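A.B. asks: Numbering (the UniProt record's numbering) for the sequence shown: 1 to 263.
Where a beta carbon is used, it is the ideal one built from N, C-alpha and C, also for glycine.
Keep in mind the model is a prediction, meaning the values are calculated, not measured.
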Amino acid sequence: MIPVDLNAYMLENERILAELNREITNKSDEIKQKIEEFETNRKNRWKDMNDVLFNDKIGCWNDYNFDLKTYNDRRFYFSNIMPLFYSHDLLEDKNIIFNILRTYHMSLFGHVGGVPCSGNEEDVPGVKEQWDFPNVWPLHVQMFVEFLQKIDEDEMAYHVARSFFNSVRAIREGDNVIFMEKYDCDKIGKKGEGGEYNNQEGFGWTNGTTLFLLNYYGNRFNEEFSHEKSYQNIKEQLTKDNPIENKEIKENNIMNSKEVLVK
1 MIPVDLNAYM
11 LENERILAEL
21 NREITNKSDE
31 IKQKIEEFET
41 NRKNRWKDMN
51 DVLFNDKIGC
61 WNDYNFDLKT
71 YNDRRFYFSN
81 IMPLFYSHDL
91 LEDKNIIFNI
101 LRTYHMSLFG
111 HVGGVPCSGN
121 EEDVPGVKEQ
131 WDFPNVWPLH
141 VQMFVEFLQK
151 IDEDEMAYHV
161 ARSFFNSVRA
171 IREGDNVIFM
181 EKYDCDKIGK
191 KGEGGEYNNQ
201 EGFGWTNGTT
211 LFLLNYYGNR
221 FNEEFSHEKS
231 YQNIKEQLTK
241 DNPIENKEIK
251 ENNIMNSKEV
261 LVK
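1. To the nearest angstrom, report how far apart residue 19 and residue 49 are at their CA atoms.
2. Taking the C-alpha atoms as reference points, what is the distance between residue 166 and residue 33?
3. Just to confirm before moving on: does the CB-CB distance between residue 54 and residue 61 stay below 8 Å?
4. Is residue 234 helix, strand or coil when you go by DSSP?
5. Using a threshold of 8 Å, state whether the C-beta atoms of residue 110 and residue 136 are closer than that.
6. Going by C-alpha to C-alpha distance, which of 156, 179, 8, 130 sits closest to residue 88?
7. Near residue 10, what residues of its chain come up, given a Cβ to Cβ distance below 8 Å and the 5 sequence neighbours on each side ignored?
8. Quick test of your reading: residue 2 and residue 63, contact by CB under 8 Å. State the CB separation rounded to the nearest angstrom.
9. Going by C-alpha to C-alpha distance, which of 67, 57, 14 sits closest to residue 41?
10. Taking only the alpha-carbon atoms, compute the straight-line gap between residue 90 and residue 43 and give it to the nearest angstrom.
11. Would you mind reading off the limits of the alpha helix (DSSP H) that contains residue 140?
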């Protein structure tokens with residue numbers, strides 16, 4: 001199997017390594033050669049990812065079974081969209097973003113508790129492991145929220161962030177919020193299940209993602225929110241022609257943290 005997500009991570013690693021070497025003052029010829037190698041490898045990897053892993057039938061990247069010469073495309077997997085996160089400067093057609101969001105709108109925006117690891121298509125039996133539907137992992141939420149912020153889709157980003165945050169805030173012992181490792185996408189405040197061990201409490205990335213979301217959205221998390229209404233608005237937006245056209249990719253505008261977990 002040729003994986004989408006690992007190649008996407010390598011794409012970003014090559015960008016970071018080139019950038020770190022560019023920060024060196026008084027660069028030697030060896031350093032200059034390294035920069036060129038990392039940049040060339042990244043461009044070549046991106047071309048290969050699109051030649052091999054991009055599935056024209058779906059309009060997205062899919063893991064590819066090299067032996068069977070088939071795509072693993074019978075359901076949504078979060079790994080499918082990871083190339084979007086690391087290829088802003090390489091995407092020649094930004095509207096591919098819109099097409100992918102539209103194709104996977106149910107999995108990405110349609111669940112009250114956040115974005116699941118995989119789709120729940122009825123014709124594809126799920127194995128119900130920890131990286132399967134209906135589990136929502138905080139790291140996926142943050143990656144997707146940051147991406148939506150960078151392409152200036154603020155309402156989509158808030159929708160995803162608020163859906164996940166509502167689940168985080170709902171699991172309590174008295175006045176204390178208990179951070180779980182993973183959550184159920186279809187039931188607010190229900191911990192995720194499956195895998196080789198029980199769901200863990202106090203997980204580091206749940207703390208980290210929650211702090212990131214609080215730092216950005218603050219007291220907005222205390223405002224009234226209808227998941228269904230927000231989802232319908234997103235679906236309407238995704239039916240428009242070229243909604244991402246002429247939008248610039250921007251850096252996150254971090255706001256001050258607010259005390260909203262216990263409210």
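C.D. replies: Let's see:
1. 22 Å
2. 49 Å
3. yes
4. helix
5. no
6. 8
7. 45
8. 7 Å
9. 14
10. 8 Å
11. 138–150
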